[in-house]
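Student:
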Amino acid sequence: MPFRAIGESMQTQLIIRPIRAAEAPIAKALVFQVAHEMMEPEMPFESFRALWDSWGVFDDLHDIAASYELKDGAFWVADDAGAIVGTGAILRYEQPGYCELKRIALLPEYRGHGHGYALIRALIGEAQRRRYRAMILWTNRFRLTRAVALYQQMGFVEVPHEGADLDEIWMEQDLTCSR
């Protein structure tokens with residue numbers, strides 16, 4: 000079910016909805032663009048893309064339906080008048096009853112207006128609809144401090160994770176409390 004999000008200080012009304020098959024290449028390009036900006040801005044984009052492709056970081060984006068929808072997950076987009084400006088996904092996690100929040104990406108001009116919050120709230124609602132009990136995520140604690148702060152504001156708490164690198168932060172939210 001689409002979710003409408005009105006930005007606090009932008010004159011825009013986003014529709015947050017499931018991705019359409021034809022939009023997968025656009026979503027993949029947006030995720031790569033945002034990841035490049037956030038993680039490796041000093042590296043030329045094509046070098047970044049080749050390196051991260053070689054690591055398989057975004058292999059799930061080659062076939063979004065197979066990676067998400069067929070695995071009890073969902074891949075949603077933030078749509079501004081027909082333009083994809085953000086992405087986010089949930090995916091069944093290895094721990095029973097858990098899903099993972101993934102691929103949160105929002106174009107720079109849409110940040111700081113409540114759109115990321117609305118996108119994540121919509122995905123939390125979808126996870127609850129699917130009867131997940133908890134949501135987990137991981138991100139880079141040093142490079143993505145704004146994201147970490149947003150997740151904390153939304154009720155995610157840091158949890159230990161075996162084998163995590165020093166720059167990783169794993170966070171979790173109980174989904175049963177906010178149903």
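Going by numbering that gives the first Met the number 0, the letters in the sequence shown line up with residues 0 to 178, in that order.
Where is the CB? At the ideal position from N, CA and C, for every residue including glycine.
Predicted, not measured: the structure shown is a model, and the values here were computed from it.
(1) Looking at the secondary structure, which residues open and close the beta strand (DSSP E) in which V84 lies?
(2) With DSSP collapsed to three states, give me the class of Q172.
(3) Using DSSP with H/G/I as helix, E/B as strand and the rest coil, what is R102?
(4) Just grab the DSSP bridge partners of Y97 for me.
(5) Please list the terminal residues of the continuous beta strand (DSSP E) segment that includes D188.
(6) Three-state secondary structure (DSSP) at V156?
(7) If you run the structure through DSSP and keep just helix, strand and coil, what is E45?
(8) Could you name the residues of the same chain whose beta carbon sits closer than 6 Å to that of F155, not counting the 5 residues immediately before and after it, in chain order?
(9) Grab the span of the alpha helix (DSSP H) containing I14 for me, first residue to last.
Tutor: Short version:
(1) 82 to 91
(2) strand
(3) strand
(4) A133, per the DSSP bridge assignment.
(5) Any property of residue 188 remains undetermined from this structure, which presents the chain solely from 0 to 178.
(6) Strand, per DSSP.
(7) helix
(8) M170, Q172
(9) Counting along the chain, I14 falls outside any alpha helix (DSSP H), though it belongs to the beta strand (DSSP E) covering 12 to 17.
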